[in-house]
Amino acid sequence: MKTIAREFVVVALSLVCWTADAIGREDEPEYFSDMPVVLSASRLTQTIDAAPAAVTVIDQRTIKASGARDLASLFRLVPGMTVGLYNGRKATLGFHGFSDPYFRQFQVLIDGVSIYSPMWGGGEWGELPVAIEDIERLEVVRGPNAAAFGANAFLGVVNIITRDPATESRFAAVTNIGESGIRDVLVRMAVHEGDLRYRLTAGQRVDTGLDSYPDDRRSNFVNLRGHYRLTGESELRLQAYYAGGLTQDGNYSDKSNTTNGPRDGNYDLGMVQLRWTRVRGADEEFWVQLFHSTRSHRETLPWLMILPRPFGTWRYPLLFDYAYQRTDIELQDTLRFGDSARGVWGAHLREDQARSSVFFGTSSAQHSTLYRLFGTMEWRPLPGWIVSGGAMWEDNNLSGRSISPNLALNRQFLPGHTLRLRWAEGRRTPMLYEERADRRYDQPEGLTAILRSLGSPLADLPMAQTTRSRDALKDEVIHSREISYLGQFPDQRLELDLHLIEHRLGRLITLYSYPFETALGAFESKYRSTHGFHNEGSARIRAFSGGARWQPVRGTDVQLALARTTMHAGGADAALVEQSGPRHTVGLFVRHDLPADWQLGAGYYRVGAMRTQSGGDLLPAVERVDVRLAKTIPLGSGKAEVALVVQNATGGGPLFERNDVDRRTSWLNLRYVY
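Structural data, given as structure tokens:
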């Protein structure tokens with residue numbers, strides 16, 4: 038594996054040196070960018086070195102040069118973050134551990150609005166209605182940020198920030214065609230006339246995934262972002278999204294009566310956000326917004342239930358249907374207090390609702406209601422000193438009331454060099470499924486009638502019960518201490534972001550089994566128990582992570598993300614929790630402009646040995662190389678681009694189990710913009 042890394046670095050540096058003279062090197066560092074400006078650390082607009090938390094920014098140029106088709110793969114450039122695959126092409130994420138298909142420890146936002154699943158947690162990464170071409174940047178807060186974005190910003194925040202229509206070209210068309218059945222198409226138009234500007238995007242993503250899994254995917258999506266200026270000070274913004282299509286799940290199996298066989302699912306997802314904003318002056322604005330989202334999923338596996346004589350064989354379709362929705366209203370007021378202080382406060386009301394007779398044992402809606410008040414202050418008492426603090430008060434019907442505070446001190450001891458000390462507390466509220474799961478399989482009516490005629494007590498039992506919550510769950514808690522250094526070296530065209538953390542986590546929600554009587558339990562011992570959730574786990578994470586950005590010559594951008602993590606866990610699942618975090622992760626990405634309008638993007642990624650919390654095998658360290666080579670061609674009044682993208686260029690590695698191996702995948706990307 039060291040050979041792959043060494044060869045990648047040698048080839049990348051050779052290309053940079055070969056083309057340096059052709060592109061030209063400036064004597065002045067004028068093209069060296071300033072520190073990025075972020076919104077997600079405290080809800081205030083700040084440069085990264087003034088922010089009270091560590092933030093990684095993945096900008097639009099990096100997103101495009103990576104060749105990524107899906108959002109999750111971009112997180113390999115975040116120090117400490119792991120990206121894997123589960124049951125084929127379903128993304129699993131982790132941050133200093135806790136790798137899981139439903140990564141619950143990160144809050145997920147689109148333009149500041151939570152799309153965190155109220156039923157499962159995390160984000161539905163493969164089904165997001167946002168086109169990757171519409172993303173301006175990703176902001177990833179690397180640490181608890183409940184003071185700004187609430188309880189589920191437990192280990193951090195992902196904020197997907199989309200492009201303003203005013204910055205878009207009038208028309209764009211994009212398609213991907215390649216291996217694994219890749220057939221993507223996207224069309225976008227943007228209009229900016231007077232007080233109105235809007236962008237409309239529609240498209241489809243299609244692929245057939247891996248041969249070893251039923252994981253075909255077809256996703257149709259359309260989204261609209263529009264702005265209308267009401268007055269010189271106020272604006273109305275509307276964002277609407279729809280996504281829907283086909284997903285496949287399950288496993289291929291030689292067993293004729295497997296309960297996890299191949300099956301098709303259909304989903305629909307819709308979101309709408311309406312925001313009114315009034316700008317009063319520099320650093321002073323007020324906005325109020327209404328957000329509503331819905332998601333439904335329909336999935337059935339035809340199944341034969343084979344019982345011992347005399348009960349026979351029964352047709353028993355297994356259902357995996359569910360639906361949920363979210364409605365919230367939020368307001369925020371940003372204020373300036375003289376020359377040295379500013380702040381933001383706000384309030385938030387949210388109502389979540391989920392329905393599934395399959396997963397909750399009833400057709401009745403399951404409700405979660407949340408009230409929030411939050412505030413953040415930034416104070417600059419002396420030149421080079423910034424004191425930041427904030428807190429979030431929350432009250433929800435699942436786990437009660439809580440307060441999540443944080444405090445940070447930023448000291449710029451030299452121009453371009455900042456040291457940050459941070460302390461934060463956070464919580465993760467139980468998901469509706471964790472709190473109220475009742476995953477049962479009722480008996481066929483005909484079988485119940487037979488059992489009653491025989492006077493069997495089995496007639497009053499469920500056929501099987503896989504999960505049933507019986508514990509009153511509490512919030513998971515985290516106490517975090519962090520030290521960060523941010524440095525900018527203009528002469529070397531280098532930026533550094535070094536981060537040392539200690540997280541202490543308690544009351545972690547884990548799965549356990551307990552005895553439970555079922556009808557099938559009379560025939561097979563594996564059906565004589567079920568699972569529940571309880572607050573039994575704990576963990577201590579110590580990690581060093583670093584990010585670097587280097588621009589050795591004009592047109593070249595080198596990004597490095599690395600982390601070393603040590604985790605000690607307590608509880609019955611301690612070994613699995615510890616194995617969910619690789620000791621080392623490395624991400625190296627190079628974007629280089631070649632002569633004659635060619636561009637190269639190449640990434641090398643390495644993840645140490647690990648196992649996801651959903652089980653599977655303990656996998657060895659895995660390396661991956663992705664490459665994109667593109668050529669831009671003037672065409673009419675616009676420009677066309679042709680790109681070849683190769684993922685896993687050196688061959689695939691194991692995904693979830695040792696015999697599940699990813700493979701090299703390539704496709705052609707065609708783009709026209711005017």
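When you line the sequence shown up against our numbering, it's residues 38 to 711, in that order. For every residue, glycine included, the Cβ atom is placed at its ideal position computed from N, Cα and C.
1. If I'm right that Arg507 touches Gly569 with Cβ under 8 Å, what's the distance once you round it to whole angstroms?
2. Glu63 by DSSP, collapsed to three states: which one?
3. So what's Gln529 in DSSP terms, helix, strand or just coil?
4. Just verifying my parser: in three-state terms, what is the DSSP assignment at Lys511?
5. For Leu419, is the classification buried or exposed, using 16 other Cβ atoms within 10 angstroms of its Cβ as the cut-off for buried?
6. Assuming the contact rule is C-beta atoms closer than 8 Å, Glu573 and Ala609 should be a hit. Round their C-beta distance to whole Å, please.
7. Of the choices Gln241, Val178, Tyr641 and Gly690, whose alpha-carbon is the least far from that of Leu76?
8. From Asp221 to Tyr235, what does the alpha carbon distance come to, in whole angstroms?
9. Kindly list the residues whose CB is nearer than 7 Å to the CB of Pro339, restricted to its own chain and excluding five residues on each side of it in sequence; keep chain order.
10. Since Ala209 is in the alpha helix (DSSP H), which residue starts that stretch and which ends it?
11. If contacts are defined as beta-carbon pairs under 8 Å, then Ala658 and Ala667 qualify, I think. What distance do you get, rounded to the angstrom?
12. Can you tell me whether DSSP reads Gly30 as helix, strand or coil?
13. I believe Trp313 touches Leu261 by the beta-carbon criterion, under 8 Å. Please report the beta-carbon distance rounded to the nearest angstrom.
14. Near Pro481, what residues of its chain come up, given a Cβ to Cβ distance below 7 Å and the 5 sequence neighbours on each side ignored?
15. Per DSSP, which one or two residues make a beta bridge with Lys224?
16. Of all the CB atoms in chain B, is at least one closer than 8 Å to the CB of Arg530?
17. Out of curiosity, what's the CA-to-CA distance linking Gly121 and Thr129?
18. Whole angstroms are fine: how far does the CA of His133 sit from the CA of Arg544?
19. Looking at the unbroken beta strand (DSSP E) that takes in Thr93, where does it start and where does it end?
20. Which same chain residues, not among the five before or five after Leu495, have their C-beta less than 8 Å away from its C-beta?
21. Can you say whether Gln529 is buried or exposed, counting buried as having 16 or more other CB atoms within 10 angstroms of its CB?
22. Taking its Cβ as the centre, do 16 or more other Cβ atoms sit within 10 Å of Lys563, making it buried, or is it exposed?
23. Short of 6 Å in beta carbon distance, which residues of its chain neighbour Arg541, apart from the five on each side in sequence? Order them along the chain.
24. Compute the distance between the beta-carbons of Arg335 and Gly398, then report whether it is under 8 Å.
25. With burial defined as no fewer than 16 other Cβ atoms inside 10 Å of the residue's Cβ, what is the status of Trp704: buried or exposed?
26. For Arg352, name the three-state secondary structure that DSSP assigns.
27. Under a Cβ-count criterion, where at least 16 other Cβ atoms within 10 Å of its own Cβ denotes burial, should Thr14 be classed as buried or exposed?
28. Spell out the partners DSSP gives Met604 in its beta bridges.
29. Is DSSP giving Tyr68 helix, strand or coil here?
30. Inspect the beta-carbon positions of Glu176 and Val115 and report whether they are closer than 8 Å.
31. Work out the CA separation of Ala686 and Tyr642 for me, nearest whole Å.
32. Buried or exposed, going by whether 16 or more other CB atoms sit within 10 Å of the CB of Pro619?
33. Out of Phe348, Phe140 and Arg174, state which residue places its alpha-carbon closest to the alpha-carbon of Gly160.
34. Determine, using beta carbons only, whether Thr622 and Tyr123 come nearer to each other than 8 Å.
35. Please return the same chain residues whose Cβ sits closer than 6 Å to the Cβ of Asp64, not counting the five positions on each side in sequence.
36. Is the Cβ-Cβ distance between Ala102 and Gly653 less than 8 Å?
According to the data block:
1. One-based indexing of the sequence shown puts residue 507 at position 470. One-based indexing of the sequence shown puts residue 569 at position 532. Indeed they touch by this definition, with Cβ atoms about 5 Å apart.
2. As a working mapping, residue 63 is identified with position 26 in the sequence shown. Confidence in Glu63 is poor, its pLDDT being 42 and thus under 50, which makes the residue's placement too unreliable to answer from.
3. As a working mapping, residue 529 is identified with position 492 in the sequence shown. Assigned with DSSP and collapsed to three states, Gln529 falls in helix.
4. Position 474 of the sequence shown, counting from 1, holds the residue named residue 511. In the structure shown, Lys511 sits in coil (DSSP, three-state: anything other than H, G, I, E or B).
5. The residue given as residue 419 occupies position 382 in the sequence shown. Leu419 comes out exposed.
6. For the purposes of this step, residue 573 is taken as residue 536 along the sequence shown, with counting starting at 1. For the purposes of this step, residue 609 is taken as residue 572 along the sequence shown, with counting starting at 1. That pair is a contact at about 6 Å.
7. Against the sequence shown, residue 76 aligns to sequence position 39. Measuring C-alpha to C-alpha distances from Leu76 to each of Gln241, Val178, Tyr641 and Gly690 identifies Val178 as the nearest.
8. The residue you call residue 221 lines up with position 184 of the sequence shown. The residue you call residue 235 lines up with position 198 of the sequence shown. Answer to the nearest angstrom: the Cα atoms are 23 Å apart.
9. For this step, residue 339 is matched to residue 302 along the sequence shown. Cβ within range, chain order: Pro354.
10. In the sequence shown, counting from the first residue as 1, residue 209 sits at position 172. Here Ala209 belongs to no alpha helix (DSSP H); instead the beta strand (DSSP E) covers Phe208 to Gly215.
11. Here residue 658 refers to the residue found at position 621 of the sequence shown. Here residue 667 refers to the residue found at position 630 of the sequence shown. The pair is not a contact, with the Cβ atoms about 30 Å apart (cut-off 8 Å).
12. Outside the displayed span of the chain (38 to 711) sits residue 30, for which this structure offers no information.
13. Reading the sequence shown from its first residue, position 276 is the one you call residue 313. Reading the sequence shown from its first residue, position 224 is the one you call residue 261. About 17 Å separates the two Cβ atoms, so there is no contact after all.
14. Along the sequence shown, read from residue 1 onward, the residue named residue 481 stands at position 444. So the list reads Trp351 and Tyr353, once near-sequence residues are dropped.
15. For the purposes of this step, residue 224 is taken as residue 187 along the sequence shown, with counting starting at 1. Before going on, a small fix: residue 224 reads as Val here, not Lys. Bridge partners of Val224: Ala210 and Ala239.
16. The structure shown contains no chain B, having only a single protein chain.
17. Taking the first residue of the sequence shown as 1, we reach residue 121 at position 84. Taking the first residue of the sequence shown as 1, we reach residue 129 at position 92. Using only the alpha carbons, I get a separation of about 5 Å.
18. The residue given as residue 544 occupies position 507 in the sequence shown. The residue given as residue 133 occupies position 96 in the sequence shown. So the two alpha carbons sit approximately 18 Å from each other.
19. As a position in the sequence shown, residue 93 is number 56, starting the count at 1. Val92 to Asp96 is the extent of the beta strand (DSSP E) around Thr93.
20. Here the question's residue 495 lines up with position 458 in the sequence shown. If we look at Leu495 and ignore the five residues flanking it on each side, its Cβ neighbours are Leu488, Ala556 and Ala559.
21. Residue 529 sits at position 492 when you count from the first residue of the sequence shown. So Gln529 ends up on the exposed side.
22. In the sequence shown, the residue the question calls residue 563 occupies position 526. Per the 10 Å Cβ criterion, exposed.
23. In the sequence shown, counting from the first residue as 1, residue 541 sits at position 504. Result list for Arg541: His516 and Arg577, in chain order.
24. Translated into the one-based positions of the sequence shown, residue 335 becomes position 298. Translated into the one-based positions of the sequence shown, residue 398 becomes position 361. No. Outside cutoff.
25. Translated into the one-based positions of the sequence shown, residue 704 becomes position 667. Buried, since its Cβ has 16 or more Cβ neighbours within 10 Å.
26. Position 315 of the sequence shown, counted from the first residue, corresponds to residue 352. DSSP places Arg352 in strand when its eight states are reduced to three.
27. The structure shown has nothing for residue 14, since the chain only spans 38 to 711.
28. What you label residue 604 is simply residue 567 of the sequence shown in a count that begins at 1. Bridge partners of Met604: Ile578.
29. As a position in the sequence shown, residue 68 is number 31, starting the count at 1. With a pLDDT of only 48 at Tyr68, under 50, the local geometry of the prediction cannot be trusted, and the value read off the model is given with reservation. Tyr68: helix per DSSP, three-state reduction.
30. Along the sequence shown, read from residue 1 onward, the residue named residue 176 stands at position 139. Along the sequence shown, read from residue 1 onward, the residue named residue 115 stands at position 78. No.
31. In the sequence shown, residue 642 corresponds to position 605, counting from 1. In the sequence shown, residue 686 corresponds to position 649, counting from 1. Cα to Cα, Tyr642 sits roughly 12 Å from Ala686.
32. Mapped onto the sequence shown, residue 619 falls at position 582. Result: buried.
33. As a working mapping, residue 160 is identified with position 123 in the sequence shown. Of the candidates Phe348, Phe140 and Arg174, the one whose C-alpha sits nearest the C-alpha of Gly160 is Phe140.
34. Position 585 of the sequence shown, counted from the start, is the residue given in the question as residue 622. Position 86 of the sequence shown, counted from the start, is the residue given in the question as residue 123. Taking 8 Å as the Cβ cut-off, Thr622 and Tyr123 do not qualify as a contacting pair.
35. On the sequence shown, position 27 is the one that residue 64 refers to. For Asp64, the pLDDT reaches just 40, beneath the cut-off of 50, and the residue's location in the model is therefore unreliable, leaving the point undetermined.
36. By one-based count along the sequence shown, residue 102 stands at place 65. By one-based count along the sequence shown, residue 653 stands at place 616. No, the Cβ-Cβ distance between Ala102 and Gly653 is not below 8 Å.
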